[in-house]
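Residue numbers (the working numbering), protein chains in the order written: chain G, 216 to 360; chain H, 430 to 545.
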């Protein structure tokens with residue numbers, strides 16, 4: 216894949232044998248994620264997933280040290296698209312963006328993953344809106360208690 | 430040069446790059462140092478506006494300024510973009526491996542015989 220210097224993004228494409236619904240479930244269901252997400256020599260130390268737009272996740276992997284990743288889901292199109300921010304302790308919790316797109320292909324799935332280092336002004340603005348919506352929702356929940 | 434905490438510095442970098450104008454300036458500087466006036470020439474904006482963009486790039490540590498008399502020259506600061514490159518060097522193999530593992534996990538789960 217072509218990682219151009221000025222783009223600072225990683226793009227990976229995979230042809231998977233399973234249909235999109237199964238692939239999507241692997242990204243959504245915590246117990247499935249535990250099975251494939253950890254690099255060799257590491258184990259899932261802690262994982263929390265609030266799988267909805269504006270919901271957050273926390274992932275800690277344990278190897279020699281504990282690696283922490285966290286982020287927020289921006290877009291969820293079931294069986295088709297998943298967009299979330301990715302903040303890794305290893306890189307000072309700098310906010311990056313992961314986009315996963317699933318396309319049905321010959322009974323299986325083409326998975327395209329893009330991980331971008333730099334976010335546009337638009338994406339920053341949307342993030343702010345996401346948080347506002349989150350807080351509004353939280354406020355309304357508290358009000359009904 | 431002031432040393433920022435890693436997180437704050439990276440935020441400055443990403444803010445600096447969240448602009449087509451600033452990105453295009455950086456791309457031109459990839460080929461080497463340029464006088465500020467030369468950098469401003471193709472841009473349809475006032476020198477004042479250009480100056481503001483340059484200040485953002487300087488604050489992020491992406492460019493360095495050199496003055497010779499009345500002239501200012503800008504060049505890329507390679508160390509800062511090296512950070513982004515370090516990130517890429519980590520995440521390319523990371524995702525390659527993760528998706529390989531996903532493919533293997535999904536294949537294990539399929540009821541039909543796995544083709545090698």
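From the three backbone atoms N, C-alpha and C, an ideal C-beta is built for every residue, glycine too.
First through last residue of the beta strand (DSSP E) which encompasses residue i
i, result
"residue 330 of chain G", "323-331"
"residue 491 of chain H", "Where residue 491 of chain H is concerned, there is no enclosing beta strand (DSSP E), given that its DSSP letter is neither H nor E."
"residue 320 of chain G", "310-320"
"residue 271 of chain G", "271-277"
"residue 229 of chain G", "224-231"
"residue 299 of chain G", "296-303"
Length of the line joining the Cα atoms of residue i and residue j
i, j, result
"residue 535 of chain H", "residue 233 of chain G", "7 Å"
"residue 483 of chain H", "residue 466 of chain H", "12 Å"
"residue 219 of chain G", "residue 289 of chain G", "Bear in mind that the predicted position of residue 219 of chain G carries a pLDDT of just 45, short of 50, making it too unreliable to give a figure here."
"residue 291 of chain G", "residue 228 of chain G", "19 Å"
"residue 521 of chain H", "residue 469 of chain H", "35 Å"
"residue 315 of chain G", "residue 331 of chain G", "12 Å"
"residue 250 of chain G", "residue 512 of chain H", "31 Å"
"residue 498 of chain H", "residue 451 of chain H", "25 Å"
"residue 305 of chain G", "residue 282 of chain G", "7 Å"
"residue 550 of chain H", "residue 494 of chain H", "Limits of chain H in this structure are 430 at one end and 545 at the other, which puts residue 550 of chain H out of reach."
"residue 269 of chain G", "residue 286 of chain G", "10 Å"
"residue 480 of chain H", "residue 496 of chain H", "15 Å"
"residue 565 of chain H", "residue 453 of chain H", "Outside the shown range of chain H (430 to 545) lies residue 565 of chain H, about which nothing can therefore be said."
"residue 273 of chain G", "residue 449 of chain H", "32 Å"
"residue 271 of chain G", "residue 277 of chain G", "20 Å"
"residue 279 of chain G", "residue 309 of chain G", "22 Å"
"residue 224 of chain G", "residue 457 of chain H", "20 Å"
Distance cut-off 7 Å: residue i Cβ against heavy atoms of the ligand MG
i, result
"residue 481 of chain H", "The ligand MG is not part of this structure, which contains no ligands at all."
Within-8 Å CB hit, residue i to chain H
i, result
"residue 258 of chain G", "no"
"residue 331 of chain G", "no"
"residue 232 of chain G", "yes"
"residue 306 of chain G", "yes"
"residue 223 of chain G", "yes"
"residue 273 of chain G", "no"
Reduced DSSP category for residue i - H, G, I as helix; E, B as strand; rest coil
i, result
"residue 255 of chain G", "coil"
"residue 266 of chain G", "coil"
"residue 472 of chain H", "coil"
"residue 458 of chain H", "helix"
C-beta neighbour in chain G for residue i, strict 8 Å
i, result
"residue 536 of chain H", "yes"
"residue 474 of chain H", "no"
"residue 489 of chain H", "no"
"residue 517 of chain H", "yes"
"residue 502 of chain H", "no"
"residue 462 of chain H", "no"
"residue 505 of chain H", "no"
"residue 486 of chain H", "no"
"residue 497 of chain H", "no"
"residue 467 of chain H", "no"
Run of the alpha helix (DSSP H) containing residue i, from where it starts to where it stops
i, result
"residue 239 of chain G", "235-243"
"residue 284 of chain G", "Counting along the chain, residue 284 of chain G falls outside any alpha helix (DSSP H), though it belongs to the beta strand (DSSP E) covering 281-292."
"residue 467 of chain H", "465-469"
"residue 448 of chain H", "Note, residue 448 of chain H: premise wrong, no alpha helix (DSSP H); not H, not E."
8 Å contact criterion, which residue i and residue j should meet: CB distance rounded
i, j, result
"residue 301 of chain G", "residue 317 of chain G", "Not quite, the Cβ-Cβ distance comes to about 18 Å (not below 8 Å), so this is no contact."
"residue 442 of chain H", "residue 491 of chain H", "7 Å"
"residue 528 of chain H", "residue 462 of chain H", "So it is not a contact: roughly 41 Å between Cβ atoms."
"residue 326 of chain G", "residue 238 of chain G", "6 Å"
"residue 329 of chain G", "residue 246 of chain G", "Contact doesn't hold; Cβ gap of about 26 Å is too wide."
"residue 321 of chain G", "residue 235 of chain G", "About 12 Å separates the two Cβ atoms, so there is no contact after all."
"residue 532 of chain H", "residue 486 of chain H", "Contact doesn't hold; Cβ gap of about 41 Å is too wide."
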